[in-house]
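Residue numbers (this note's numbering): 4 to 92.
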């Protein structure tokens, strides 16, 4: 939550702000932290269980010229902040 007070005090590693529906202020909560290595191990395990089955009509090919573009005025500022802080959550 970039525009909420208190976000700068978050510690990372599962520490987060949660804004319940109807609340005016977010509350600080702690979620489970899963390291990048643990995520990679789970992904590798799932991949090893069965070959992926893709619907070809859902695949975006490079030849049709479609590209992903961001239309978010805060995107560049967010990228700069993440690079500067060397952290994102």
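For every residue, glycine included, the Cβ atom is placed at its ideal position computed from N, Cα and C. Note that this is a predicted model, so its numbers are computed, not measured.
Given this structure, state the Cα-to-Cα distance separating residue 43 from residue 24, to the nearest angstrom.
33 Å
Between residue 29 and residue 60, what straight-line distance do the alpha-carbon atoms span, to the nearest angstrom?
Within the model, the alpha-carbon separation for residue 29 versus residue 60 is close to 41 Å.
Report the option in 83, 90, 36 whose CA atom is closest to the CA atom of residue 18.
36
For residue 88, report the span of its alpha helix (DSSP H) as first-last.
Unbroken alpha helix (DSSP H) run through residue 88: 78-88.
Measuring straight from C-alpha to C-alpha, what distance separates residue 31 and residue 16?
13 Å
Determine the DSSP secondary structure at residue 52, reduced to helix, strand or coil.
helix
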